[in-house]
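Numbering (this note's numbering), first residue to last: 85 to 579.
Where is the CB? At the ideal position from N, CA and C, for every residue including glycine.
Everything below concerns the one structure shown next.
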Amino acid sequence: MDQRGLYQPDGAWIGDVIPWQEDGVFHLFYLHETRSTPKEGMPWRRVVTSNLVDFTDAGEAIASGGPAADDFNIYTGSIVVADGVHHAFYTGQNPLNTGADGLPLQLVMHATSTDGMASWQRHPADTFGATAGYETADWRDPYVFWDDEAQLWRMLITARHAAGPARRRGVIAQCTSTDLTNWAASEPFWDPRRYLAHECPEVFRIGDWWYLVYSEFSDTFTTRYRMSRSLRGPWITPEFDSLDGRAFYAAKSAERDGRRLFFGWIASREAGSDDGAWQWAGTMSVLEAEQREDGTLAFHPAVEFRELFTEPSDPIAAGTVLSAPDGYRDTLSAEDAPSSFRLRARFDIADGTTEVGVLLRASADGDEGYALRLEPKRGRLVFDRWPRRSTGTEQWQISGDVPFAVELERPCRLDAGVHELDVIVDGDLCVATLDDATVLSTRLYDRVSGRVGAFVGEGSVTVDEFTLSARDETETSAIAVDALDADDLMTSITT
């Protein structure tokens, strides 16, 4: 992976990102996962960027409190600023610090910075745990924001009711404050009795609409959103309510110049294998949200990332027609694609077509490789590969009854006509976007090279465009963060 546009620290992985934008600079605090044994305590680290492409490591932000501290592990939270002071609210957890149920307590904790986020001072006296009626082991991800209408600070908290069906107790609890120090319990902010938990909640406003974003892992491991005309609800479920698929998680956002950018992580797989289990944490990826006329959101990679890929070629000629009324047809590039590329495929899909899509890292005959498949009759984009997992040595023991990677399915509208797949592959990472609105991210581990192609099954498609762009290798100069103070850092990045 090139590291431009996607970020992962050396020898570690990106967990939940806590984005903060100030003076045009994105300060991306994140949970630093080393997967070391024994556990060494999780800190917040920080990277900064002004162009969403080049990321500068600003080092450890808030260190683990140590083996005996309430914040041995520092989990997700939020940043606000008041009277020139930055406030970090975060989750503290220590496996040795348990509640009455024997499970590790989760606590809301507070730290402040008076030197531009270069250093942080903890305030142990401000620590508090679950209020009455909530489980003590689920009290995390505090998101603090100013409610101008009510003239107070609100804190949204991932919580669970102490009673009720176990997988439907998830609730976004709420506390309020006038001074960012003393917090009072309030009514739940959102209580759908729908999921196990609503992680990493946040709210923001675009025009006349409020948006509530959260991540859940009981029904589908994904980040979702709701919308409302009022901060008090009711919250509407849009037709397509998720940001991405299974591999992209815990996304939180920041705004700059009217743009809403989401920072999440693309999960890695165990043993670096296509058959490996998904792991917690991975590589940071940035998506941008665009508001439609009806208030719903469309998602796609940030344009800055796409612009890293230049000088397109056309391995498949525009105007190519693939027709297979009762079969399958494909066409492939003459040579292997580079390890990093952007592929744009615009298809004019005939009415009644069963499937159409692109092949990635395919064999010369197209028999093996990865596929991004549009299924108009089912209204979905799916990720597939061949060969699939095999459970034995016999031909019939290939997983033909699992017709795609079931965790990587995105619902979408696929009426007959023109649709575009925009795919970025960078090493083992793949971010695909349909019609600049529906994103599907995943990993490509087992096949490291191969050709690209287009295919159709039981129908007809005209390939209006099929271009392949290589990565622009021009890099901007890095910033030596450890040699700068906070003011110098801000000035260097913005200039």
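Taking its Cβ as the centre, do 16 or more other Cβ atoms sit within 10 Å of residue i, making it buried, or is it exposed?
{"i": "residue 307", "result": "buried"}
{"i": "residue 140", "result": "buried"}
{"i": "residue 178", "result": "buried"}
{"i": "residue 412", "result": "exposed"}
{"i": "residue 133", "result": "buried"}
{"i": "residue 422", "result": "exposed"}
{"i": "residue 155", "result": "buried"}
{"i": "residue 486", "result": "exposed"}
{"i": "residue 490", "result": "exposed"}
{"i": "residue 216", "result": "exposed"}
{"i": "residue 283", "result": "buried"}
{"i": "residue 214", "result": "buried"}
{"i": "residue 564", "result": "Note that residue 564 scores a pLDDT of 38, beneath 50, so its modelled location is shaky; the value from the coordinates is reported in the next line. Label assigned to residue 564: exposed."}
Report back the beta-carbon spacing between residue i and residue j to the nearest angstrom; my notes put them in contact at under 8 Å.
{"i": "residue 540", "j": "residue 437", "result": "7 Å"}
{"i": "residue 189", "j": "residue 221", "result": "7 Å"}
{"i": "residue 255", "j": "residue 162", "result": "So it is not a contact: roughly 18 Å between Cβ atoms."}
{"i": "residue 603", "j": "residue 465", "result": "Since the first and last residues shown for the chain are 85 and 579, residue 603 lies out of range."}
{"i": "residue 372", "j": "residue 105", "result": "About 13 Å separates the two Cβ atoms, so there is no contact after all."}
Using beta-carbon positions only, say whether residue i and residue j come within less than 8 Å of one another.
{"i": "residue 236", "j": "residue 211", "result": "no"}
{"i": "residue 524", "j": "residue 467", "result": "yes"}
{"i": "residue 414", "j": "residue 456", "result": "no"}
{"i": "residue 129", "j": "residue 143", "result": "yes"}
{"i": "residue 99", "j": "residue 117", "result": "yes"}
{"i": "residue 431", "j": "residue 545", "result": "yes"}
{"i": "residue 202", "j": "residue 172", "result": "no"}
{"i": "residue 158", "j": "residue 127", "result": "yes"}
{"i": "residue 427", "j": "residue 460", "result": "no"}
{"i": "residue 469", "j": "residue 533", "result": "no"}
{"i": "residue 322", "j": "residue 311", "result": "yes"}
{"i": "residue 91", "j": "residue 367", "result": "yes"}
{"i": "residue 232", "j": "residue 238", "result": "no"}
{"i": "residue 223", "j": "residue 243", "result": "yes"}
{"i": "residue 391", "j": "residue 336", "result": "no"}
In angstroms with no decimal places, state the Cα-to-Cα distance between residue i and residue j.
{"i": "residue 462", "j": "residue 500", "result": "13 Å"}
{"i": "residue 375", "j": "residue 502", "result": "22 Å"}
{"i": "residue 425", "j": "residue 400", "result": "15 Å"}
{"i": "residue 382", "j": "residue 476", "result": "42 Å"}
{"i": "residue 96", "j": "residue 361", "result": "18 Å"}
{"i": "residue 107", "j": "residue 332", "result": "28 Å"}
{"i": "residue 87", "j": "residue 348", "result": "15 Å"}
{"i": "residue 473", "j": "residue 325", "result": "30 Å"}
{"i": "residue 272", "j": "residue 146", "result": "29 Å"}
{"i": "residue 384", "j": "residue 240", "result": "27 Å"}
{"i": "residue 259", "j": "residue 353", "result": "37 Å"}
{"i": "residue 355", "j": "residue 165", "result": "41 Å"}
{"i": "residue 405", "j": "residue 537", "result": "13 Å"}
{"i": "residue 530", "j": "residue 246", "result": "44 Å"}
{"i": "residue 344", "j": "residue 320", "result": "20 Å"}
{"i": "residue 396", "j": "residue 554", "result": "7 Å"}
{"i": "residue 295", "j": "residue 309", "result": "7 Å"}
{"i": "residue 137", "j": "residue 167", "result": "31 Å"}
{"i": "residue 516", "j": "residue 359", "result": "20 Å"}
{"i": "residue 409", "j": "residue 434", "result": "11 Å"}
{"i": "residue 279", "j": "residue 169", "result": "36 Å"}
{"i": "residue 186", "j": "residue 219", "result": "11 Å"}
{"i": "residue 199", "j": "residue 454", "result": "49 Å"}
{"i": "residue 398", "j": "residue 549", "result": "8 Å"}
{"i": "residue 301", "j": "residue 252", "result": "12 Å"}
{"i": "residue 568", "j": "residue 327", "result": "Caution applies to residue 568, whose pLDDT of 43 falls short of 50 and renders its modelled position unreliable; the value that the coordinates give is listed next. Approximately 36 Å between the Cα atoms of the pair."}
{"i": "residue 478", "j": "residue 121", "result": "39 Å"}
{"i": "residue 543", "j": "residue 439", "result": "7 Å"}
{"i": "residue 197", "j": "residue 160", "result": "17 Å"}
{"i": "residue 504", "j": "residue 495", "result": "15 Å"}
Using a Cβ cut-off of 8 Å (strictly closer), state whether residue i contacts chain D.
{"i": "residue 468", "result": "This model lacks chain D altogether; it includes just one protein chain."}
### Query
Of all the beta strand (DSSP E) runs that stay within the bounds of the segment 482-557, which reach a length of 3 or more residues?
493-495, 501-510, 513-518, 522-527, 535-555
### Task
Could you pull out every unbroken beta strand (DSSP E) segment of at least 3 residues lying fully inside the segment 379-466, listed in chain order?
381-385, 393-397, 404-416, 424-433, 439-446, 453-459
### Task
Taking only runs that begin and end inside the segment 299-324, name each unbroken beta strand (DSSP E) of 3 or more residues, in chain order.
The segment 299-324 contains these whole beta strand (DSSP E) runs: 306-312.
#### Entry: Continuous beta strand (DSSP E) assignments of at least 3 residues falling wholly in the segment 95-136
97-106, 109-117, 128-133
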